[in-house]
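**Q** In mature numbering (1 follows the signal peptide of the UniProt record, and there is no 0), the protein residues as written are -29 to -1, 1 to 123.
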Amino acid sequence: MVGSLRRLYPASTAALLALTSFSPATALAAQTQAQSAHDISVELNKLEPLGKGCRAYVVVDNATDAAYSVLKLDIVLFRPDGVIDRRIAIDLGPLPANKKDVKTFDLEATPCSQIGSMFVNDVLECKSGEQDVSDCLDRFAVSSRGPATLSK
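#1: Which residue marks the beginning of the beta strand (DSSP E) containing Glu14, and which one marks its end?
#2: With a 10 Å radius around its C-beta and 16 neighbouring C-beta atoms as the bar for buried, classify Ala60 as buried or exposed.
#3: At 4 residues or longer, what runs of the alpha helix (DSSP H) sit wholly inside the region 28 to 83?
#4: Ends of the beta strand (DSSP E) at Lys98?
#5: List the DSSP bridge partners of Asp103.
#6: Indicate whether Pro118 and Lys23 have their beta-carbon atoms separated by less than 8 Å.
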């Protein structure tokens, strides 16, 4: 029957076969694989006024068996109008294995109201112990809880 359908509707049959082979179990497996690809989550939790500047609270959840001694990120700050304000480097390490941690960093002379978003431009350094870790940017997912967003 499939052969006769292919002769009548060659393109449609291929699409139909592709759709029927994609089951809910396949979708769940793909979603689980995508989630496990991000072993570390980095969340911009809140911004808090600090004098003439701003304090950023970042929640980092390391769901791996590896401890990271250094996780230094190149962050670009954007103003609410989308114009780049400046670049900073932050170190989220040390990051213990299988642990959630809250890190803070102060942005002197940048009021919280002038931060529209933050972008992880790159990973400057990533180490587990003394060993460099490759593809560190691919190992983590980012999210935000407040009005300023964090992306990569």
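Where is the CB? At the ideal position from N, CA and C, for every residue including glycine. All values reported here derive from a predicted model rather than from experimental measurement.
**A** So, from the data block:
#1: Position 43 of the sequence shown, counted from the start, is the residue given in the question as residue 14. For Glu14, the uninterrupted beta strand (DSSP E) segment begins and ends at Ile11 to Leu21.
#2: For this step, residue 60 is matched to residue 89 along the sequence shown. The residue is exposed, with fewer than 16 neighbouring Cβ atoms inside 10 Å.
#3: Taking 4 residues as the minimum length, the region 28 to 83 contains no alpha helix (DSSP H) run wholly inside it.
#4: For this step, residue 98 is matched to residue 127 along the sequence shown. Note, Lys98: beta strand (DSSP E), Ser88 to Ser99.
#5: Counting from 1 along the sequence shown, the entry for residue 103 is found at position 132. Residue pairing by DSSP puts Asp103 in a beta bridge opposite Lys98.
#6: Along the sequence shown, one-based indexing puts residue 118 at 147. Along the sequence shown, one-based indexing puts residue 23 at 52. Cβ distance not < 8 Å, so Pro118 and Lys23 don't count as in contact.
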